[in-house]
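For the sequence shown, the UniProt record's numbering begins at 1 and goes up steadily by one. Quick reminder that beta carbons are idealized off the backbone N, C-alpha and C, glycines included. Note that the structure is a prediction, hence the values are computed from the model and not measured.
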Amino acid sequence: ARIHGSFNDKQTRQDSTGLDEVLAPRPSSHLPRHDLESLFYVMLWHTHRYEVGHLCDSSYEEWVTESVQQVRNPKLTLIHHDKPLSAPLPQHAKLQTLLSRYQRALTWRARMP
(Lines of atoms letter the chains of each structure in order from A; the text may use other names.)
(Lines give C-alpha, C1' and ligand atoms only; values in the text may rest on other atoms or scores of the structure.)
Protein backbone atom coordinates (compact mmCIF):
# COMPACT_ATOMS: atom_id res chain seq x y z
CA ALA A 1 0.00 0.00 0.00
CA ARG A 2 1.20 3.49 -0.80
CA ILE A 3 1.11 6.04 1.99
CA HIS A 4 1.04 9.76 1.23
CA GLY A 5 1.56 12.37 3.93
CA SER A 6 -0.98 15.11 4.41
CA PHE A 7 -1.62 18.01 6.71
CA ASN A 8 -4.37 20.54 6.70
CA ASP A 9 -5.83 23.01 9.21
CA LYS A 10 -9.33 21.85 8.38
CA GLN A 11 -8.51 18.21 9.14
CA THR A 12 -9.41 17.07 5.64
CA ARG A 13 -7.61 14.46 3.53
CA GLN A 14 -6.17 16.98 1.07
CA ASP A 15 -2.64 15.78 0.30
CA SER A 16 -0.15 18.60 0.74
CA THR A 17 3.18 16.82 0.41
CA GLY A 18 4.71 14.24 -1.88
CA LEU A 19 3.29 16.07 -4.88
CA ASP A 20 5.57 14.43 -7.41
CA GLU A 21 4.29 11.01 -6.38
CA VAL A 22 0.64 11.99 -6.23
CA LEU A 23 0.56 13.71 -9.62
CA ALA A 24 2.92 11.44 -11.55
CA PRO A 25 1.26 9.34 -14.27
CA ARG A 26 2.98 6.33 -12.70
CA PRO A 27 4.08 6.95 -9.09
CA SER A 28 7.84 6.93 -8.60
CA SER A 29 9.71 5.17 -5.85
CA HIS A 30 9.67 6.93 -2.52
CA LEU A 31 13.10 8.42 -1.87
CA PRO A 32 14.56 10.03 1.27
CA ARG A 33 14.60 13.39 -0.55
CA HIS A 34 10.78 13.25 -0.67
CA ASP A 35 10.76 13.17 3.13
CA LEU A 36 13.22 16.09 3.26
CA GLU A 37 11.04 18.09 0.87
CA SER A 38 7.98 17.35 2.99
CA LEU A 39 9.78 18.42 6.16
CA PHE A 40 10.76 21.70 4.48
CA TYR A 41 7.11 22.40 3.60
CA VAL A 42 5.97 21.57 7.14
CA MET A 43 8.62 23.89 8.62
CA LEU A 44 7.70 26.66 6.20
CA TRP A 45 4.01 26.13 6.90
CA HIS A 46 4.43 26.27 10.68
CA THR A 47 6.80 29.27 10.77
CA HIS A 48 4.50 31.34 8.56
CA ARG A 49 1.10 30.33 9.94
CA TYR A 50 1.39 29.81 13.70
CA GLU A 51 2.43 32.29 16.35
CA VAL A 52 2.16 31.52 20.06
CA GLY A 53 -0.12 28.59 19.23
CA HIS A 54 -2.57 30.66 17.18
CA LEU A 55 -3.30 30.38 13.49
CA CYS A 56 -2.40 33.52 11.51
CA ASP A 57 -3.07 34.43 7.89
CA SER A 58 -0.16 33.87 5.57
CA SER A 59 0.96 33.77 1.99
CA TYR A 60 0.57 29.98 2.17
CA GLU A 61 -3.19 30.04 2.74
CA GLU A 62 -3.75 28.54 -0.72
CA TRP A 63 -2.06 25.33 0.48
CA VAL A 64 -5.26 24.77 2.48
CA THR A 65 -7.90 26.07 0.11
CA GLU A 66 -6.68 24.97 -3.33
CA SER A 67 -6.44 21.56 -4.94
CA VAL A 68 -3.21 19.53 -5.02
CA GLN A 69 -2.80 20.39 -8.70
CA GLN A 70 -3.12 24.14 -8.01
CA VAL A 71 -0.63 24.02 -5.13
CA ARG A 72 1.96 21.93 -6.96
CA ASN A 73 3.57 24.72 -9.03
CA PRO A 74 3.91 27.30 -6.23
CA LYS A 75 5.53 24.65 -4.00
CA LEU A 76 7.89 23.37 -6.67
CA THR A 77 8.84 26.95 -7.58
CA LEU A 78 10.25 27.31 -4.06
CA ILE A 79 12.69 24.51 -4.80
CA HIS A 80 13.28 24.42 -8.54
CA HIS A 81 13.48 28.17 -9.17
CA ASP A 82 15.12 29.30 -5.94
CA LYS A 83 12.26 31.70 -5.13
CA PRO A 84 13.17 33.85 -2.11
CA LEU A 85 11.28 32.94 1.05
CA SER A 86 9.15 35.49 2.83
CA ALA A 87 10.10 36.20 6.43
CA PRO A 88 8.52 33.90 9.01
CA LEU A 89 6.34 35.28 11.77
CA PRO A 90 8.30 37.13 14.50
CA GLN A 91 8.23 34.22 16.94
CA HIS A 92 10.07 32.09 14.36
CA ALA A 93 12.46 34.75 13.02
CA LYS A 94 15.50 32.83 14.27
CA LEU A 95 14.61 30.03 11.83
CA GLN A 96 14.89 32.24 8.72
CA THR A 97 18.53 31.31 8.11
CA LEU A 98 17.83 27.61 8.62
CA LEU A 99 14.87 27.71 6.21
CA SER A 100 16.93 29.53 3.58
CA ARG A 101 19.80 27.04 3.88
CA TYR A 102 17.39 24.14 3.71
CA GLN A 103 15.79 25.64 0.60
CA ARG A 104 19.21 26.09 -1.05
CA ALA A 105 20.10 22.47 -0.28
CA LEU A 106 16.85 21.26 -1.83
CA THR A 107 17.35 23.57 -4.84
CA TRP A 108 20.87 22.24 -5.34
CA ARG A 109 19.63 18.65 -5.11
CA ALA A 110 16.76 19.31 -7.53
CA ARG A 111 19.23 20.57 -10.14
CA MET A 112 21.41 17.45 -10.00
CA PRO A 113 20.93 14.97 -12.86
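Assigned with DSSP and collapsed to three states, L85 falls in coil, not helix or strand.
Less than 8 Å separates the beta-carbon of K75 from that of Y41. The shortest CA-to-CA distance from T77 to any of V64, P88, Q103 and E61 is the one to Q103. Straight through space, the alpha carbons of L31 and D57 are spaced by roughly 32 Å. For S100, the CB contacts under 7 Å within the same chain, skipping 5 residues up- and downstream, are L85 in chain order. Excluding five sequence positions before and after T47, the CB atoms of its chain that fall closer than 6 Å to its own CB belong to P88, H92 and L95, given in chain order.
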